[in-house]
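Residue numbers (the working numbering), protein chains in the order written: chain X, 1 to 260; chain U, 1 to 77. For glycine and all other residues, C-beta sits at the position ideal for the given N, C-alpha and C. Please read all numbers here as calculations on a predicted model, not as lab measurements. Some notes on the structure that comes next.
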Amino acid sequence: MFWKKKENNQQLIQIDILPKRDTKIIALAGNPNTGKSTIFNRLTGLKQHTGNWPGKTVTRAEGTFEIQDEEYTLIDLPGTYSLLSTSEDEEIARDFILFGNPDATVIVCDASVLERNLNLAFQIMQITNRCILCVNLIDEAKRKGIEIDKETLERELGIPVVLTNARSGEGIEELKEIIYQISNRIIKPTPRKIQHKKEIQEKLNQLVPLIEKAFPGLYASEWIALRLLEGDTKIRKAIEQGNLLELINKGLSNGNGELK
Amino acid sequence: MTKKLSELKRGEKGMIVNVNLNGLTRRRLLDLGFIPGTVISVVFESPLGDPVAYLVRDTIIALRKDESEKIEVELIN
C-alpha cells in the first residue's frame, strides 16, 4: 500500500507498530488457513478469534509473550499466497514483511500441502535471513499418510524447521527456543537464494547499490530492484514520490522507541 | 489432448500444461498454485457459468473466463 496516496495514511498508521521499548518483533506469516492464529494464541495466551476458513485475519493482531524473562511482540499477519499482493489484507502482510524489519519471521505452513506453501516461504527467504519454517497441522498430515522429513527440509531451505500441532501445543516450546535463538542472533540461518539469470544479476548489481544509496537501511532493496526490472509502475511511482522512504523510516523506527 | 481450462467440465480432471499469460496476472496465477504439472478439476460453476471454482493444490479458487481460457490443460483420467 506504500504506493497509494495520502488518503491511505490511515492504513499506514494501521500497519505501523508501536511496541514497548526493547521488545523484539516477531512476525507470523503464511498462506491463508494454515493455523497462524492458533499459533499466535498458543504463544501469547490470548484468545484471538480462530476459525477454519481462509481470510479470517484481515487486519493485523498483536500480542506479547516471554521467553526467558524477555518480552517479545508477536504480529499475526493476514494469510497471503504471495508477496506480490493484489488485495488489501495481503498488502498488510506484504508491507510488514518488507518494511517492518522483524527480528524473526515465522513462516507457518500446512504440512498437508507443503509444496503450495513453499512458494511464499521462498519469497520471504529472499528478503530476510532471519526466518523459521513452522510446519503446522502435522497431526492432520499424519492422518493423510504424509510425513515431513525435517532434516532434509532444513538442508534444502537453509533455515530452521519446526514441526508443530498448534492445537495440542506440540512443538511450541521448540518454536519458542528457535525464535529466541534467531532474534538474539545466536543462530544465523542462510536461506537458499534464487539464482538469477546472468543478465538479470548484472542489472541487479547496478540497481541495488543505487537503491540502497537512495533509501539507506532498506533491507528489501533487491526485491525492489526486481520489481523495477519487471516494470512494476506502482513501485516506480512509490520511489519517485518518496513514499517508499516514508514507510521504510516507519519500519526502521520499530523497536528504537523513536516514534512520535 | 489439450484444451482450455475454461472448457474443462465437471467430473473431468486436467493437468495444467501452459499458462499463456504475462506479467502480474501470470505471477498471480502461479502464486495461487496454477503451475504447469498441477492437477486441476472443476468444483462449482456460477449460474451464468462465469466465474468457475477450481480445486487446485487442495484449495478452491475461482477464476473468470478471461483467465481460465488462457490456461491450457491436458485431460487425464
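Counting of Cβ neighbours within 10 angstroms places Thr2 of chain U among the exposed residues, the total staying below 16. DSSP places Ala220 of chain X outside both helix and strand once states are collapsed to three, so it counts as coil. Under the Cβ criterion of 8 Å, Arg94 of chain X is not counted among the residues facing chain U.
Taken through DSSP and simplified to helix, strand or coil, Thr152 of chain X comes out as helix.
Taking 8 Å as the CB threshold, Arg26 of chain U stays off the interface with chain X. Taking all protein chains shown into account, Gly79 of chain X has 16 or more neighbouring C-beta atoms within 10 Å of its C-beta and is therefore buried. Taking C-beta atoms as the reference points, Cys131 of chain X and Ile124 of chain X count as a pair closer than 8 Å. Taking 9 Å as the upper bound on Cβ-Cβ separation, chain U lies near residues Val113, Glu115, Arg116, Asn119, Leu120, Gln123 of the region 113-146 of chain X. In this structure, Phe40 of chain X places its C-beta atom within 8 Å of the C-beta atom of Gly63 of chain X. In the three-state reduction of the DSSP assignment, Ser41 of chain U falls in the strand class, which pools E and B. Take Ala104 of chain X, set aside five residues on each side of it, and the residues of its chain with a beta-carbon closer than 6 Å to its own are Ile26, Arg130, Ile179, Ile182, Ser183, in chain order.
Judged by beta-carbon spacing, Leu21 of chain U lies beyond the 8 Å limit of Ile40 of chain U, meaning their Cβ atoms are not closer than that value.
A distance of 8 Å or more separates the beta carbons of Leu5 of chain U and Ser46 of chain U.
Relative to Thr73 of chain X, the option among X:Ile239, X:Arg155, X:Lys176 whose CA is nearest is X:Lys176. In this model, Ile187 of chain X and Gly11 of chain U are separated by some 50 Å (Cα to Cα).
Assigned with DSSP and collapsed to three states, Asp58 of chain U falls in coil, not helix or strand. The closest CA to that of Glu230 of chain X, considering only U:Thr38, U:Glu72, U:Arg26, is found on U:Arg26.
Scanning chain U for C-beta atoms nearer than 8 Å to the C-beta of Ser183 of chain X yields nothing, as the closest lies near 28 Å away. DSSP places Gly63 of chain X inside the beta strand (DSSP E), whose first and last residues are 61-67. Relative to Ala61 of chain X, the option among X:Ala29, X:Glu151, X:Ser87 whose CA is nearest is X:Ala29.
Taking CB atoms only, Arg57 of chain U has a neighbour in chain X less than 8 Å away. Following the DSSP letters along the chain, one finds Met125 of chain X inside the alpha helix (DSSP H) bounded by residues 114-127. The beta carbons of Leu114 of chain X and Ile159 of chain X sit about 14 Å from each other, so the pair does not count as a contact at 8 Å. Collapsing the DSSP output to three states places Ala111 of chain X in a helix. Restricting attention to X:Asn205, X:Pro32, X:Leu210, the CA atom closest to the CA of Lys197 of chain X is found in X:Asn205. At least one C-beta of chain X is nearer than 8 Å to the C-beta of Gly33 of chain U. For Ile194 of chain X, same chain residues with a beta-carbon under 8 Å away, outside a window of 5 residues either side, are Phe122, Gln126 in chain order.
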